[in-house]
Structure formats: C-alpha cells, structure tokens
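Protein chains in written order, with the numbering used here: chain F, 788 to 902; chain X, 4 to 118. Idealized CB from N, CA, C, for every residue including glycine. Take a look at the structure below.
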C-alpha cells in the first residue's frame, strides 16, 4: 500500500535499553523527518534527511541517532532510552524540491513509553 | 526567526456553531502558512495552505483561513461545526527561502464539539 508506514505503533521499554522506530515510505520522496509530539509542545523536529545518506539535526536531536541508507527508509534509534523520551513519534516525508511550501505527509505515529 | 502561536489549547463549540481557531505568526520574510488536522490515533494531515496567492484559502471539510498580514494572523474558520470535526488542529509556518525542514508548528488546539 502507498503511504508512510511506522512500526511499531506501540512500544514499552525500560530505561537504558536501545529502541529503534522504523519508517518506510513508498513515494520516493526526497525529504524525510522525525518529530516528537508532547503535550503543550506541539511537534518538535528531531532529525531530517534531504536524501539517502544525508541527514541533519533538528531542534531536539540529543539522545537520538538516524540513518538513511535507502531513500524509502528512515529509522530512528534511541541508543539508551530515558524517561524523558516517552512521547509519540511521527515520521513524515515531503516531495522533491527544496521548498518551504512542500506539504508534509505523516505516518500514523509510534507511541513509546520508557519505564 | 519564525514562530507561531495558537491562542487557546482547547476550544469547545456546539454542533452547528461557528468554529474559530486562532493562529498568529512571526516571520521576517514572506511566510508560507499551513493548518494541519490530527484525528485521534492518527498522524497529521493537511487542511489547507497559504503560499502568497489568494489571501482567503479554502481547504478540505469546509474549512477556510484568511491571511492577514497587518494582523500577522491566519485564523481557521468553519461556518457550521460537525461532530466529525473534533480533533487537534495545528498551525505551522515556513518561508520561501527555507526548505521543508524549517517548518515550525504551533502547540495545537484541541477542538471539541458539543451535541
């Protein structure tokens, strides 16, 4: 099916464990993003990627690692999860072209709880 | 630097009443402005966007927004609320000189509809 698929949708883990959230898109969009959504903060950008093998930090990158070896995949890894990383994580993509007018298309989200 | 402020974290209206969700922005260059909607347990989806054509922008589901430069506002309206409009709404800003990675989201307004 076309679109953005995030997995897992729900994850409970413990402090200190490594967690990877997966994101797969079928549109061959150049740009991909990871946001976290927390009450009162809206969406905050963690990392983004303009193309395969090109990634850059967003507003809140500490504690996260990303990679993009293929255009369609953009996994987000929490190397050592902390309670402050409990959040809902959204992956998004945007079409080719370096334009602020490009619309973001979002996945359904991954709800992560760190105990 | 850009920013966006959504006035009111929660708005409640009766079914059939006018919906007004307020958004004010700050931008040193001509902005692009967006409204996204998030239904429960889903990702965000685009309602409408302003990219410097007509100042009154019509979106999906009967929503519209008017760009007012003098007031630095981009309020979202719908003449008659429907129960299905209950959701979280996000205003966002970017600009023509930035990539899609520079889009800034507001903290969101939760819209409730009373029967």
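Residue from F:900, F:837, F:798 whose Cα sits closest to the Cα of residue 871 (chain F):
Indexing the first chain from 1 puts residue 871 (chain F) at position 84. Selected option, being the one with the closest Cα: F:900.
Following the continuous beta strand (DSSP E) through residue 90 (chain X), name the residue where it begins and the one where it ends.
For the purposes of this step, residue 90 (chain X) is taken as residue 87 along the second chain, with counting starting at 1. Residue 90 (chain X) -> beta strand (DSSP E) spans 90 to 98.
Three-state secondary structure (DSSP) at residue 61 (chain X)?
Counting from 1 along the second chain, the entry for residue 61 (chain X) is found at position 58. Correct three-state label for residue 61 (chain X): strand.
Leaving out five residues on either side along the sequence, give the residues of the same chain with a beta carbon under 8 Å from the beta carbon of residue 796 (chain F).
In the first chain, residue 796 (chain F) corresponds to position 9, counting from 1. 895, 896, 897, 898, listed in sequence order.
State yes or no: is the beta carbon of residue 835 (chain F) nearer than 8 Å to at least one beta carbon in chain X?
Residue mapping note: residue 835 (chain F) aligns to position 48 of the first chain, counting from 1. At least one chain X Cβ lies under 8 Å of residue 835 (chain F).
Near-chain F residues of the segment 43 to 69 of chain X (beta-carbon distance less than 8 Å), N- to C-terminal order:
44, 45, 46, 47, 48, 49, 52, 54
Quick check on this structure: which residue in F:851, F:860, F:841 has the alpha carbon closest to the alpha carbon of residue 104 (chain X)?
Within the second chain, the letter at position 101 stands for residue 104 (chain X). Closest by alpha carbon: F:841.
Leaving out five residues before and five after residue 43 (chain X) in sequence, what residues of the same chain have Cβ atoms less than 8 Å from its Cβ?
As a working mapping, residue 43 (chain X) is identified with position 40 in the second chain. Here the set comprises 90.
Between which two residues does the beta strand (DSSP E) holding residue 80 (chain X) run?
Looking up residue 80 (chain X) in the second chain gives position 77. It spans 76 to 81 - the beta strand (DSSP E) in which residue 80 (chain X) sits, taken as one unbroken run.
Expressed to the nearest angstrom, what Euclidean distance is found between the alpha-carbon atoms of residue 800 (chain F) and residue 15 (chain X)?
The sequence position of residue 800 (chain F) within the first chain is 13, counting from 1. The sequence position of residue 15 (chain X) within the second chain is 12, counting from 1. When rounded, the distance between both Cα atoms is 36 Å.
Answer yes if the segment 811 to 820 of chain F comes into contact with the segment 66 to 81 of chain X, meaning at least three C-beta pairs across the two stretches below 8 Å, and no otherwise.
no
As a quick exercise: from F:880, F:876, F:851, F:881, pick the residue whose alpha carbon is nearest that of residue 798 (chain F).
In the first chain, counting from the first residue as 1, residue 798 (chain F) sits at position 11. Here the closest residue by C-alpha is F:876.
Would you list the one or two residues that DSSP bridges to residue 1 (chain X)?
Absent from the structure is residue 1 (chain X), since the part of chain X shown begins at 4 and ends at 118.
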